[in-house]
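Just so you know, we're using our numbering here: the sequence shown kicks off at 1097 and counts up by one. A short write-up of the structure that comes next.
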Amino acid sequence: MPWPFLNVEPRKYRFRFLNSAVSRSFALYFVKSTATNVKLPFQVIASDAGLLERPVQVSSIYVANAERYEIVFDFTSFAGQNIDIRNIAEVNGIGAEEEYENTDKVMRFVVSGTPVTDTSTVPTALRAVPFPTATTNAINHHFRFHRTNSEWRINGVGFEDAEHRVLANVPRGTVEIWELENSSGGWTHPIHG
């Protein structure tokens, strides 16, 4: 639905973002509808891999195709106002998609003027992630992403090449450093691991 709105109370809300666009990336941020040049802070609490170790306060978030994020936005101090989610034009130079008249508009929150009591807090620790430690700083794999004959290729290998399309076989429990190179001439696309 283009330019939807949601009635909310002046309290914290947890939102899940999923970019289900065919090719467009987004750079999303919150603003008061009366002051669209001042980005409002919010907390990112989860990504594709689930909860983060701790909340991260940001003022914008980049969301590529099929990416997911969970955030907490606090409407407490905006009673009786409208808060908009906007999209940064051309995703700050990352996106290659054509911009249209209202590509910068995403949605509006109409915040009730009736006060509510919100004693909720976002925990400072969300989960422990047992990341293994890298044993070296050397690059284990270099992946060159490029387009040939309107097809995406990685190190010259296309998806249809079933014999060669597994480009890395990482032993379970090890850490590798991968270098990703975009040689596509301006095309952007998320990398799914």
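In this text, a Cβ means the ideal position worked out from N, Cα and C, and glycines have one as well.
Whether residue i touches residue j by CB criterion (7 Å)
i, j, result
"A1160", "S1121", "yes"
"P1106", "T1213", "no"
"I1179", "F1126", "yes"
"R1240", "N1251", "yes"
"E1149", "V1225", "yes"
"K1108", "S1208", "no"
Cβ-based burial, residue i [other Cβ within 10 Å; buried from 16]
i, result
"V1271", "exposed"
"Y1165", "buried"
"I1287", "exposed"
"N1183", "buried"
"I1181", "buried"
"F1169", "buried"
Option in the options with minimal Cα separation from residue i
i, options, result
"P1100", "V1218, T1231, N1245 and V1206", "V1206"
"N1245", "T1229, V1225 and S1280", "S1280"
"F1227", "S1208, V1104, A1145 and K1128", "A1145"
"N1115", "V1104, L1102 and I1157", "I1157"
"F1174", "N1198, D1200, Y1196 and T1210", "T1210"
"F1138", "A1131, E1149 and L1124", "L1124"
"R1223", "L1102, Y1109, S1143 and G1176", "S1143"
"A1234", "S1155, F1113, E1275 and R1150", "E1275"
"V1154", "E1163, K1135 and E1277", "K1135"
"T1132", "F1113, T1220 and D1200", "D1200"
"K1128", "P1098, G1176, N1198 and N1278", "G1176"
"N1236", "R1112, R1110, V1266 and T1229", "V1266"
"E1277", "H1238, E1256, E1247 and F1255", "H1238"
"F1113", "E1163, P1098, E1247 and T1229", "E1163"
Contacting residues, own chain, Cβ-Cβ under 6 Å from residue i (five flanking each side not counted)
i, result
"V1152", "V1140"
"A1258", "none"
"R1249", "H1242"
"R1204", "F1101, N1178 and D1180"
"Y1196", "none"
Cross-strand partners of residue i (DSSP beta bridge)
i, result
"F1169", "Y1109"
"Y1196", "BP columns for Y1196 are empty, so no partner."
"L1124", "I1157 and N1183"
"W1248", "R1243"
"Q1139", "Q1153 and V1168"
"V1104", "V1207"
"G1146", "S1143"
"V1253", "I1250"
"L1114", "R1164"
"A1131", "K1128"
"H1237", "W1274"
"N1178", "V1206"
Residue i at chain C interface by Cβ criterion, 7 Å
i, result
"D1257", "No chain C is part of this structure, which consists of one protein chain only."
7 Å CB neighbourhood of residue i in its chain, flanking five on each side removed
i, result
"V1253", "H1260, R1261 and L1263"
"L1147", "I1141, L1222 and R1223"
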